[in-house]
Structure formats: structure tokens, C-alpha cells
Amino acid sequence: MSASLAPECNEVKEYVLSFRVHSFLRTVSKHEYRRYDSCFLKWYSEKFLRGNATTDECEPLFKQYKQCLGKALKSRGIDSMLEEAREDNRENDAQHLRDG
């Protein structure tokens, strides 16, 4: 595992709390624990890259991790720096997307 900017989020990032995916996806046992990283890499390589993905099965985990990371960034004042950097580069990003 690499060093984390927000170690308090590692539990969410690395270990899945029990959850159920939507009815059109397979059910994950409430006792089954899976790392978000492993979940994503498996989904990406086995489904997305092969054109078999209709949804991201790991999205519930990503949302938990993103929420935790957002709180950590805000508590360190990094969220405002990110927003400022995004605003400063908005025109460059738009140009890059047009040239894409």
C-alpha cells in the first residue's frame, strides 16, 4: 500500500464495509470484505476493458472513500487550494478538451 495523504480514510479505501449492490448486480455477502482498490482493478480489467461493464460495481465504496477524503482535505485546507487550481486552469482544461 502506498502512503496516504489521509490515513483516516484507509479503512474505507482498503476494507469494504458490508453493503448490497443494486438488484441488477450480484449481491455481496455482508460478511465478505473486499478492498476498494482490488474491487476496482478487478472490475476495470475483467469487465470495463472487455466491454462487459454496464455499471461500476465498486461505486458504493468509491463514494465512501471520496466522502472521507473530502473531509480530510477540507480539514487540512487543501480543498480550497484544489478549487483555486481548478479555477486557474479552467480555460486550459477547456482548450485541452476541444483539441482532444
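The sequence shown begins at 0 in numbering that gives the first Met the number 0 and counts up by one. A virtual CB, placed ideally from N, CA and C, is assigned to each residue, including glycine. What you are looking at is a predicted structure, and each value in this text was computed from that prediction instead of being measured.
Output the distance between the C-alpha atoms of residue i and residue j, rounded to the nearest integer angstrom.
i, j, result
"G69", "C57", "18 angstroms"
"D98", "N88", "15 angstroms"
"G76", "Y35", "26 angstroms"
"C38", "N91", "33 angstroms"
"K73", "L60", "20 angstroms"
"R85", "E45", "33 angstroms"
"A71", "D78", "9 angstroms"
"Q63", "Q94", "32 angstroms"
"A52", "K65", "22 angstroms"
Secondary structure at residue i, three-state DSSP: helix, strand or coil?
i, result
"N88", "coil"
"D78", "helix"
"H95", "helix"
"G50", "coil"
"C57", "coil"
"S22", "Because S22 carries a pLDDT of 35, less than 50, the predicted location of this residue cannot be relied on, and the following value inherits that uncertainty. Reduced to three states, the DSSP call for S22 is coil."
"N9", "helix"
"L4", "coil"
Determine the closest residue to residue i out of the options, with distance taken between C-alpha atoms.
i, options, result
"D55", "L40, Q66 and C67", "L40"
"L4", "A93, Y43 and C67", "C67"
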